[in-house]
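For reference, each letter of the sequence shown is one residue, going 16 to 385 in the working numbering.
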Amino acid sequence: MNKALLSFSILLLLTITASCSGVSADKSSEQSSEAAAAEIGSPQITFFTVETEQIADRVSLNGRLRAENRVELFPEVPGKVVEGTKPFREGVSFQEREMLVQLDDSEARLQIQSSRSKFKTLVSALMPDIKLDYPETLPRYEKWFNSLNAENNLVAIPEFGEGVRRYLESKGVYELYYTIKSAEDRLEKFTIRAPFSGVLSAAKAEPGQVVGPQFHLGTFVDSSLMILNASIDPAQVEWIRPGMTMAVSNQGQTESYKAEIVRVNPSVDSSSQQVLIYLEVSGEKLREGMYLEGEIESETKRELARIPKSALLRTGGVLAKRDGNLVDVTVEIHDLERSHLWVSGLQNGDEIVMDVSEPVSGRIINYSHL
């Protein structure tokens, strides 16, 4: 009986020892698995869920404003600049046909007055012959003679008939007449007038300064009509056409203006390999040289996704969740924003890594969600 009791005690002891060893082994295995899982899932990856949209193609445009009506002022005759009715200074406005610059024309004016006086003397000397040979023409001839004045521009020679015309030509009347008319035209060039209503954007002449035909007096612009000169890639110009409208704004995004494409250059600029387009911009507070930028949309659309810039790899792809791994998926960039990109190559609902500074392609990820 003692032997049987001893055998039973030994058997019980062995059973308890085996059970304890099994529990300890299970706990160690579980702890190892948890540690491995914790190592694999740390640090926690933040994913961005892709949502695709039908987006029109966009082209970013930027450039500087330039007045459509712009005149560089150069005198056609030499002379001394005299004080005008308005100061010749930047920012001064002038109406159409108003005097911009006046050059001293006193000497030229006196010469013309002398020539007009000689012309009237010649016409008077021929009156007796006209009275004798062409009596029917005399009343009209006298009326024309009385209209001549050394202070005013010559009145055009009337049509007296072929005979009288030949007679006047033989006496040098027509030759002197055209010489004086040429001098009168030249006299007008001493006064430079505004070709349109506008403002001086540059003024380099001072009263008393002697200037000549090669001297740049200044620049006169029409500030009511501004053109934005912009350039785009030749591949994007196919759907750009005159009449398309867009909004443009200044660099600080504080002012917005309406712009319309009015011209598209058919040639590619040899230096930049870009195509120039010209937009008419309307609005207040527009100034020459102002930098404006904006975007224009096409009529056709494509499926694009808006993703954070931080999700883009240096290789030009993103890390997307694929079967428990992070896979490098190539995307094509179509547009840029300050902190986001518009790309193609992703499907709606795809999950991509929001910040690629830590994850590595091929890494096993932790699927637990908090």
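Just so it is clear, CB atoms sit at the ideal spot from N, CA and C, and this is done for glycine as well.
Burial state of residue i (16 or more Cβ within 10 Å)
i       : result
Gln-229 : exposed
Arg-104 : exposed
Gly-332 : buried
Arg-278 : exposed
Arg-302 : exposed
Val-138 : buried
Val-368 : buried
Asp-248 : exposed
Gly-304 : exposed
Gly-176 : exposed
Gly-213 : buried
Gly-298 : exposed
Glu-220 : Per the sequence presented here, residue 220 reads as Ala, with Glu not at that position. So Ala-220 counts as buried.
Length of the line joining the Cα atoms of residue i and residue j
i       : j       : result
Leu-115 : Ser-239 : 19 Å
Leu-147 : Val-179 : 12 Å
Ala-11  : Ala-82  : Absent from the model: residue 11. The displayed extent of the chain is 16 to 385, so no value can be given.
Ser-372 : Leu-327 : 10 Å
Arg-317 : Gln-362 : 13 Å
Glu-352 : Gly-99  : 53 Å
Met-9   : Val-344 : A question about residue 9 goes unanswered here, because the residues of the chain that appear run from 16 up to 385.
Leu-88  : Arg-155 : 44 Å
Ser-162 : Val-170 : 7 Å
Gln-289 : Thr-315 : 23 Å
Ser-359 : Gln-59  : 27 Å
Val-225 : Phe-235 : 20 Å
Gln-268 : Asn-340 : 42 Å
Met-261 : Ser-271 : 10 Å
Lys-101 : Gln-117 : 11 Å
Arg-124 : Tyr-193 : 16 Å
Pro-143 : Glu-157 : 11 Å
Ser-264 : Val-346 : 30 Å
Arg-321 : Gln-69  : 11 Å
Asp-284 : Lys-95  : 42 Å
Ser-313 : Glu-111 : 40 Å
Val-188 : Phe-134 : 7 Å
Asn-84  : Glu-253 : 29 Å
Glu-166 : Gln-128 : 6 Å
Ser-287 : Asn-280 : 14 Å
Thr-206 : Gly-227 : 13 Å
Ser-185 : Asn-164 : 23 Å
Gly-364 : Asp-237 : 54 Å
Ile-334 : Leu-319 : Ile is not the amino acid found at residue 334; the sequence shown has Leu there. Rounded to whole angstroms, Leu-334 to Leu-319 spans 17 Å at the Cα level.
Glu-310 : Lys-336 : 33 Å
Pro-93  : Pro-257 : 44 Å
Local conformation of residue i per DSSP, three classes
i       : result
Leu-147 : helix
Asp-200 : helix
Asn-244 : strand
Thr-61  : coil
Ile-195 : helix
Val-368 : strand
Ala-220 : coil
Arg-131 : helix
Glu-347 : strand
Thr-330 : coil
Ala-123 : helix
Val-283 : strand
Arg-181 : helix
Asp-41  : With a pLDDT of 48 at Asp-41, under the threshold of 50, the predicted position of this residue should be treated as unreliable, and no value is reported.
Leu-291 : strand
Val-86  : strand
Under 8 Å between C-beta atoms of residue i and residue j
i       : j       : result
Glu-91  : Lys-204 : yes
Ile-242 : Ile-255 : no
Asp-370 : Thr-61  : yes
Glu-366 : Thr-67  : no
Asn-77  : Tyr-293 : no
Ile-145 : Thr-136 : no
Val-97  : Pro-222 : yes
Arg-201 : Glu-113 : no
Gln-251 : Val-86  : no
His-349 : Lys-324 : no
Val-107 : Leu-232 : no
Pro-150 : Trp-159 : no
Ser-130 : Ala-217 : no
Residues bridged to residue i (per DSSP)
i       : result
His-355 : Pro-323
Asn-265 : Leu-307
Arg-79  : Asn-244, Tyr-306
Gly-94  : Val-226
Ser-313 : Bridge partners of Ser-313: none, in fact.
Lys-158 : Its beta-bridge partners do not exist; DSSP assigns none.
Gln-117 : Val-97, Thr-206
Thr-260 : Glu-275
Glu-68  : Leu-319
Val-74  : Ile-311
Leu-301 : Per DSSP, none; premise fails for Leu-301.
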